[in-house]
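First residue of the sequence shown: 15, per this note's numbering; consecutive thereafter.
A virtual CB, placed ideally from N, CA and C, is assigned to each residue, including glycine.
One structure is given below, encoded as structure tokens.
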Amino acid sequence: MLISAKAVADAIRTSLGPRGMDKMIRSGKGETIITNDGSTLLKRMSVLHPTAKMLVNLSNAQDVEAGDGTTSVVVICGSLLGAADRLLSKGIHPSVISDAFQGAAAEAVRILHDMSQPISLSDTAALLQAANTSLSSKIVSQYSNLLGPMAVNAVTKTIDIKTADNVDLKNVRIIKKVGGTIEDSELVDGLVLTQTALKNAGGPVRMEKAKIGLIQFQLSPPKPDVSYRGEASRTT
């Protein structure tokens, strides 16, 4: 049980740090991804063991809560599991090890609170520094001057700075387009539709100060209702 989880942690350990190596993952559909992000690596890996899947869930929780540190949290957890395995081999009862870990976690939280510095969401300079620090370990670190302000602006536009204490990243949508470069990235303060029905019909591509209407049908042409016999079904 501990061996499988530790193996997952060791697999992404080499992607951590300034000398961390990127991993190339090829999916069953032929899609190739190059990344050193722990959350992305674990999502793409075919993890079957229940204990190893807990590390995947841990990385996802870290990504949702903090948006960074997905590799570090898995590596730390793997090291703790390795230490627990050594303690078990010495005959120490699992409940004693669990209680000790709980006490160590509480002390670690206290130390982090003492050394932490509060940051206001209106402090743009501090937010930019945090975003650029997070990008420093990514492949796109050389584009931090472009992506850092873009990330900060995307987050601050989706919340009320005076009352918000957290950010729901689902409110920020990322649309990828093949063939472009990172310099082509832009932040759109509004709604972006990926449908091409209006464009194919000779409609406008961009609208400014447009009136938005809520519709209850899809923009793309509906698929024909075909019966199992291969004939179009009819309703009266």
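Drop a sphere of 10 angstroms on the beta-carbon of residue i, count the other beta-carbons inside from all chains shown, and report buried for 16 or more, exposed for fewer.
{"i": "G162", "result": "buried"}
{"i": "A119", "result": "exposed"}
{"i": "D203", "result": "exposed"}
{"i": "V61", "result": "buried"}
{"i": "Q131", "result": "exposed"}
{"i": "Q76", "result": "buried"}
{"i": "G92", "result": "buried"}
{"i": "L69", "result": "buried"}
{"i": "V206", "result": "exposed"}
{"i": "K104", "result": "exposed"}
{"i": "V110", "result": "exposed"}
{"i": "A224", "result": "exposed"}
{"i": "V154", "result": "exposed"}
{"i": "L126", "result": "exposed"}
{"i": "N50", "result": "buried"}
{"i": "K37", "result": "buried"}
Can you tell me where the beta strand (DSSP E) holding residue i begins and where it ends?
{"i": "M38", "result": "K37 to R40"}
Return the first residue and the last residue of the alpha helix (DSSP H) that residue i is part of.
{"i": "I17", "result": "L16 to R27"}
{"i": "N74", "result": "P64 to E79"}
{"i": "M221", "result": "Careful: M221 lies outside any alpha helix (DSSP H) and carries neither H nor E."}
{"i": "A98", "result": "T84 to S103"}
{"i": "M59", "result": "Careful: M59 lies outside any alpha helix (DSSP H) and carries neither H nor E."}
Could you check whether residue j and residue i sit closer than 8 Å to each other, using their CB atoms as the reference points?
{"i": "A19", "j": "L102", "result": "no"}
{"i": "I47", "j": "R33", "result": "no"}
{"i": "N167", "j": "L135", "result": "no"}
{"i": "I196", "j": "Y157", "result": "yes"}
{"i": "L183", "j": "G81", "result": "yes"}
{"i": "N185", "j": "T172", "result": "yes"}
Have a look at the DSSP bridge pairing and note the partners of residue i.
{"i": "T49", "result": "K37"}
Apart from the five residues just before and just after residue i, which ones in its own chain have a Cβ nearer than 6 Å to its Cβ?
{"i": "G52", "result": "I26, S73, T84, T85 and V88"}
{"i": "A66", "result": "S18, A19 and V22"}
{"i": "L16", "result": "L95 and D99"}
{"i": "P218", "result": "none"}
{"i": "I133", "result": "A140"}
I'd like the list of long-range same chain contacts for residue i, defined as Cβ closer than 7 Å, with 5 residues on each side in sequence excluded.
{"i": "T28", "result": "G34 and M35"}
{"i": "S41", "result": "R58"}
{"i": "T208", "result": "I189"}
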